[in-house]
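Engineer: Submitted below is the structure of interest, expressed as structure tokens.
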Amino acid sequence: MIIIGNQRDYTDQIIKGIILVMLTAGTDTSSVTIEWALSLLLNHPKVKARAELDAQVGTDRLVNEHDLSNFPNLHKIISETLRLYPAAPMLLPHESSDDCKIGRYNIPPGTILLVNAWAVHRDPNVWDDPTSFKPERFEGLQVQPSKLIPFGMGRRSCPGSSLAQRVVGLALGSLI
Numbered sequence: 168m169i170i171i172g173n174q175r176d177y178t179d180q181i182i183k184g185i186i187l188v189m190l191t192a193g194t195d196t197s198s199v200t201i202e203w204a205l206s207l208l209l210n211h212p213k214v215k216a217r218a219e220l221d222a223q224v225g226t227d228r229l230v231n232e233h234d235l236s237n238f239p240n241l242h243k244i245i246s247e248t249l250r251l252y253p254a255a256p257m258l259l260p261h262e263s264s265d266d267c268k269i270g271r272y273n274i275p276p277g278t279i280l281l282v283n284a285w286a287v288h289r290d291p292n293v294w295d296d297p298t299s300f301k302p303e304r305f306e307g308l309q310v311q312p313s314k315l316i317p318f319g320m321g322r323r324s325c326p327g328s329s330l331a332q333r334v335v336g337l338a339l340g341s342l343i
């Protein structure tokens, strides 16, 4: 049991549960993203990813972390996969601490709020042809953070987002 101050808040069972949730959240979301990326690539054979990987890495070794920055097409494929199929489409719930206004809605304190990333990523006012798999839409484009939010945004965004992107890049690059 961990004791914080004079309180005995965290039993071993609670700590094990927190660790299990963190491991599951980190591995399940990455594996789902890899599955969707492979499915999209299989269903869109005109999207070429292998030529870029073979040119940079060759066929004698696997992709490593240092190689990832040399694969702009792989990054575009991953971004487009996360846009179409975010692993957590409703993101995590947040509770409003004060009165606030979102659009035309008044939100009282204590309200649970969910962000529908799936809908944001398929909004035709934000994305051209939003339901189509087009990795090229990320060509030379710096996407505004409020448009592509598979990991949430701001200080409550996913703490493992950079690790997840590296893991997905390494796994997908190795599988391609």
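All residue numbers for the sequence shown refer to the working numbering, where the first residue is 168 and numbers rise by one.
From the three backbone atoms N, C-alpha and C, an ideal C-beta is built for every residue, glycine too.
As the structure is a prediction and not an experimental result, all values here were calculated from the model.
Under a Cβ-count criterion, where at least 16 other Cβ atoms within 10 Å of its own Cβ denotes burial, should residue 331 be classed as buried or exposed?
Structural biologist: That one is buried.
Engineer: Could you pull out every unbroken alpha helix (DSSP H) segment of at least 4 residues lying fully inside the segment 249-306, listed in chain order?
Structural biologist: Here the runs fully enclosed are 284-288.
Engineer: Here's the rule: buried if 16 or more other CB atoms are within 10 angstroms of the residue's CB, otherwise exposed. What is residue 269?
Structural biologist: Exposed: under 16 other Cβ atoms inside 10 Å.
Engineer: Could you have a look at residue 176 and say whether DSSP puts it in helix, strand or coil?
Structural biologist: DSSP places residue 176 in strand when its eight states are reduced to three.
Engineer: Within its chain, find whatever has a CB closer than 6 angstroms to the CB of residue 318; leave out the 5 residues flanking it on each side and keep chain order.
Structural biologist: Once the five neighbours on either side are set aside, the close Cβ partners of residue 318 are 324, 325, 328.
Engineer: According to DSSP, is residue 327 helix, strand or coil?
Structural biologist: Of the three classes helix, strand and coil, the one that applies to residue 327 here is coil, per DSSP.
Engineer: Kindly indicate the opening and closing residues of the alpha helix (DSSP H) around residue 220.
Structural biologist: Where residue 220 is concerned, the enclosing alpha helix (DSSP H) stretches over 217-223.
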